[in-house]
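Data first, discussion second: the structure below is written as structure tokens.
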Amino acid sequence: SASSSEELHVGGNVALRCEVEGLKSDSTVQWTGPDGRGHAGSLVVLKNVTLSDAGTWQCEFSFGEERYRENLQIKVKEPAKTSTPGKGSKVNTVTSCPN
């Protein structure tokens, strides 16, 4: 089971699990990442997520003679950039002094 869309952050970790109820022990389950590489098994662990992990992940499994596919859309957000005033920037600070 997986929701159709997940949002991750760069540097994070995530486990993608493809669970199928009633699946026979001789059935195969495989994830395919957005880069086309296959990952055998129902579980894929992504450590230190990067922007290249974004895209469509596909879980493919067999049930009897039939093959099924489920897609999971992964979005990866970059951490918020902190900015510091550049050269020529003016920063005004007003401080009140108690009387």
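The sequence shown begins at 3 in the numbering used here and counts up by one.
Glycine included, C-beta positions come from ideal geometry on N, C-alpha and C.
Note that this is a predicted model, so its numbers are computed, not measured.
So, Ile76 versus Glu8, is the Cβ gap smaller than 8 Å?
Locating residue 76 in the sequence shown gives position 74, where the first residue counts as 1. Locating residue 8 in the sequence shown gives position 6, where the first residue counts as 1. Cβ distance < 8 Å, so Ile76 and Glu8 count as in contact.
Which partner residues does Val31 have in the DSSP bridge list?
Position 29 of the sequence shown, counted from the start, is the residue given in the question as residue 31. According to the DSSP secondary-structure assignment, Val31 is paired through a beta bridge with Phe63.
For Trp59, tell me which candidate among Gly14, Gly35, Gly24, Leu48 has the shortest Cα-Cα distance.
By one-based count along the sequence shown, residue 59 stands at place 57. Looking at the Cα atoms, Gly35 is the closest of the given residues.
If you compare alpha carbons, which of Ala56, Pro81, Ser27 is closest to Leu18?
By 1-based counting over the sequence shown, the position of residue 18 is 16. Among Ala56, Pro81, Ser27, the Cα nearest to that of Leu18 is on Ala56.
Pairwise C-alpha distance: Phe63 and Tyr70
In the sequence shown, counting from the first residue as 1, residue 70 sits at position 68. In the sequence shown, counting from the first residue as 1, residue 63 sits at position 61. Between Tyr70 and Phe63, the C-alpha separation is close to 5 Å.
For Val78, count the other beta carbons within 10 Å of its own beta carbon; 16 or more makes it buried, fewer makes it exposed. Which is it?
Within the sequence shown, numbered from 1, the residue matching residue 78 stands at position 76. It counts as buried.
Please report the straight-line C-alpha distance between His11 and Arg39, rounded to a whole angstrom.
As a first step, residue 11 must be located in the sequence shown, where it is residue number 9. As a first step, residue 39 must be located in the sequence shown, where it is residue number 37. The alpha-carbon atoms of His11 and Arg39 are separated by roughly 21 Å.
Lys79 lies in the beta strand (DSSP E); which residues open and close that run?
In the sequence shown, counting from the first residue as 1, residue 79 sits at position 77. Taken as a continuous stretch (DSSP letters only), the beta strand (DSSP E) holding Lys79 covers 68-79.
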